[in-house]
Every structure is written in C-alpha cells, then in structure tokens.
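Asks: First the structure, then my questions, so here it is.
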Amino acid sequence: MRLLRCRSLINLAPLLPSQFKFHKFHPTRFFFTPNSISIPQISASSLPTNTKSTTNRSISDSARFARSVLFVPPGVEIEELTDDMVLPGSNIVIGPFADHSQIKEVEFVKSSARARDCPKDDRPEIAILGRSNVGKSSLINCLVRKKEVALTSKKPGKTQLINHFLVNKSWYIVDLPGYGFAKVSDAAKTDWSAFTKGYFLNRDTLVCVLLLIDASVPPQKIDLDCANWLGRNNVPMTFVFTKCDKMKAAKGKRPDENIKAFQQIIRENFKQHPPWILTSSVSGLGRDELLLHMSQLRNYWDQ
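Every letter in the sequence shown is one number past the one before it in UniProt numbering, and letter 201, counting from 1, is 201.
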C-alpha cells in the first residue's frame, strides 16, 4: 500500500513508444535565461490566471499548465500556489509534508550484492543513481556533511554493491552502482543490470530514485534511457543536476544550456515533468532544498 501511495506521489506517465528524440533546443517560456551560472526559475506567478473569472475552464487550464511544469505535492491546491512555495533552482513546490529535513547522524549499515539481501526493516529509503562519473558519492557526502561516508574515487565505477546508510535512525540513503563508464567485466555489467532492476521493482520501502544528471555535459543517451526505463516502470524519480558550478564554455555548452536541453527532451517525452533540482557538491548549491524535497516525499510515504 505504501509503495502504491509513493508511486502516485510522482505520477510518471509512460514515455512515448519511440526512443528519446534529440531535438535542437529552442528556449521556451518554461525556462528563463540564467545570468552566469544563475538558476533557471519557475514561479507560481508564471501560471495563467484570469483576474476577472474563476470558471472551471480557467482553473483546469491553470492546473494543467502547473502540473506539466511544476511538481505539486499532495496537500497543495493549484490556486493557492505562491512564488515562495517553489524551491529555488527547481520546479518543486513545497507542501505540508515537508519537515525535519536536516541530517544529524548517519551510519553505514551494509552492502548487498542482491536486492533480497538488503535490510529488511520498514524504514523508507531514497536511492541515488547515475553515471559512474556523475558525482554520486560527492553528493552523498555533501548531503550528510561528512567526508568519506560514501566511497569516492578518481576511477569511475567503484561502487559495485547496493550500499545502505541509515540517516537519523529513521530512513536510508541507498548508494547504487553507477552505470555507463565502470571498468568492469561484461558479466559484472549484466549482474549490475539484473540486481539493480530487481531492487527498483521489488523494494517496497523505496520512496524515490534521485537520478543524477551531469550538468557539465550535453544530454547523454544513457541517462535518457535510464529515465525511460524508470518512467515505463512507474518508479518515482527526481532529476538532480550535478556539477552546476562548473563552467566549461571552452569545451562545449555551459551547464545552464545543457540543463535546458535535457529538460526540453524530458518535457517532450513525459506527460508530466518529474521533479528536478540543481546542485553542486563543491558550493553546496541545492543541498538544503534537496533535503527538504526528500523530507516531504518520506513523510507522505510514511502516512
């Protein structure tokens, strides 16, 4: 029952039957041009309104627009949205379930080679997934504000097990193996796919998957394929853009341009845009906002 409730919180409509389509990006009114590395903003004031009429149609149009752009959690009415309810650097609206977001203590519990070997208690868990060089371990260390909580390495693919970290003795951060660039055997890659998919589909305590996307590079097909699979299997996810402090104009597009391009592809392939947020493990950008978002997901799941 909790799993069904959780999956209805981030209701991912099936993607289009075809593969993700790469399009030349054209800015739209949904994403505003950043200054330097400022953050794309979506505000409640951008919702269509009718100051003289509150007909059912106008409310329906506003709701449709908001739900295609913003992540509106349970307990929030579209007509009650205000700018300060939208987290900076995200499309996430904060609702009544957001609370107790700060991490006071964290401890490593166990590593599991198979989904069925994971901890069997009833605590909620939020999994972190991404390409092997996306900065997954660095983000975990940033969230908990402790060095070496997650294994970091200059060689991608060091995490090859499902790692559970107990936070505040009440919920888990789950560090999943990275995909894409791990230097492991073909057999190990096959095993990774099998046990990771088994974890996603059979883990009743899974609240949400944080799918990390490297903002310093253009959209990658492997990330889009992963989002595709999660969406098709109705696994709740939040896009977490990492490395938003990096400016690589000399090597390619800037992070804000890469983010816009990725969002455009997702928006064209999802009927409802999943939650997204910008982060930097170096500067701490988005840390508190992401923790607040995670708290409202957990608290709603735990009702």
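Think of the CB as a built atom: it goes at the ideal place given N, C-alpha and C, for glycine as much as any other residue.
Give me whichever residues DSSP pairs with S170 in a beta bridge.
Replies: S170 is not bridged to any residue.
Asks: Does Q296 pass the burial test, meaning 16 or more other C-beta atoms within 10 Å, or should it be called exposed?
Replies: So Q296 counts as buried.
Asks: Less than 6 Å between C-beta atoms, sequence neighbours within five positions excluded: which residues of the same chain meet that for W171?
Replies: Only R123, P124, R298 meet the Cβ criterion.
Asks: Since L212 is in the beta strand (DSSP E), which residue starts that stretch and which ends it?
Replies: From DSSP, the beta strand (DSSP E) with L212 extends over 206 to 214.
Asks: Are V93 and V109 close, meaning C-beta to C-beta below 7 Å?
Replies: Their beta carbons are not under 7 Å apart, which means V93 does not touch V109 by this criterion.
Asks: To the nearest angstrom, report how far apart T279 and D61 are at their CA atoms.
Replies: Roughly 31 Å between the two C-alpha positions.
Asks: Is there contact between the region 205 to 216 and the region 229 to 240, where contact requires at least three CB pairs shorter than 8 Å?
Replies: Yes, the region 205 to 216 touches the region 229 to 240.
Asks: Under the three-state reduction of DSSP, which class applies to V86: helix, strand or coil?
Replies: Three-state DSSP puts V86 in a strand.
Asks: Does the Cβ of S137 have 16 or more other Cβ atoms within 10 Å, making it buried, or fewer, making it exposed?
Replies: Classification of S137: buried, given that the 10 Å Cβ count is 16 or more.
Asks: If you reduce the DSSP assignment to three classes, tell me which class A66 lands in.
Replies: Correct three-state label for A66: helix.
Asks: Rounded to the nearest angstrom, how far is the Cβ of T242 from that of G89, given a contact under 8 Å?
Replies: That pair is no contact at about 12 Å.
Asks: Between which two residues does the beta strand (DSSP E) harbouring K110 extend?
Replies: Counting along the chain, the beta strand (DSSP E) containing K110 begins and ends at 106 to 112.
Asks: Going by DSSP in three states, G135 sits in which element: helix, strand or coil?
Replies: Here G135 sits in coil by DSSP.
Asks: Mind checking which residues open and close the alpha helix (DSSP H) that includes E268?
Replies: Per DSSP, E268 belongs to the alpha helix (DSSP H) from 255 to 269.
Asks: Using three-state DSSP, classify V217 as helix, strand or coil.
Replies: Looking at V217 - three-state DSSP - the assignment turns out to be coil, as it is neither helix nor strand.
Asks: D117 to D175, Cα distance in whole Å?
Replies: Going by the C-alpha atoms only, they are around 15 Å apart.
Asks: Which same chain residues, not among the five before or five after N233, have their C-beta less than 7 Å away from its C-beta?
Replies: So the qualifying residues of the chain are F200, L201.
Asks: Give the DSSP-derived three-state secondary structure of L129 in the structure shown.
Replies: Three-state result, L129: strand.
Asks: Mind checking who residue 310 pairs with in its DSSP beta bridge?
Replies: Because the chain in this structure spans residues 1 to 303, residue 310 falls outside the shown range and cannot be described.
Asks: May I have the straight-line CA-CA distance separating N168 from S112, to the nearest angstrom?
Replies: One C-alpha to the other measures close to 21 Å.
Asks: Here's a check: name, in chain order, each residue in its chain whose Cβ is nearer than 7 Å to the Cβ of C142, leaving out the five neighbours to either side.
Replies: Excluding positions up to five away in sequence, the list reads S281, G284, R287.
Asks: Quick one: what does DSSP say N228 is sitting in, helix, strand or coil?
Replies: Looking at N228 - three-state DSSP - the assignment turns out to be helix.
Asks: Could you tell me if Q263 is buried or exposed, where buried requires 16 or more neighbouring beta carbons within 10 angstroms of its beta carbon?
Replies: Buried: at least 16 other Cβ atoms inside 10 Å.
Asks: So, E165 versus Y300, is the Cβ gap smaller than 7 Å?
Replies: Here the sequence assigns Phe to residue 165, which means Glu is not the residue at that position. Going by C-beta atoms, F165 is not nearer than 7 Å to Y300.
Asks: For the putative contact between S101 and L291, defined by C-beta atoms under 8 Å, what is the C-beta separation to the nearest angstrom?
Replies: Indeed they touch by this definition, with Cβ atoms about 4 Å apart.
Asks: Look at the alpha carbon of V86 and the alpha carbon of V149, and state the distance between them as a whole number of angstroms.
Replies: Using only the alpha carbons, I get a separation of about 30 Å.
Asks: Quick check on the DSSP output: the alpha helix (DSSP H) that includes L292 runs from which residue to which?
Replies: Start and end: 287 to 301.
Asks: Going by Cα to Cα distance, which pick from N228, I222, W276, G178 is closest to N269?
Replies: With distances taken between Cα atoms, N269 lies closest to N228.
Asks: Following the continuous beta strand (DSSP E) through I277, name the residue where it begins and the one where it ends.
Replies: Taken as a continuous stretch (DSSP letters only), the beta strand (DSSP E) holding I277 covers 276 to 278.
Asks: Starting from D175, follow its DSSP beta bridges and name the residues at the other end.
Replies: DSSP lists I128, N163 as partners of D175.
Asks: On the DSSP bridge assignment, give the partners of T238 in chain order.
Replies: Beta-bridge pairing links T238 to L210.
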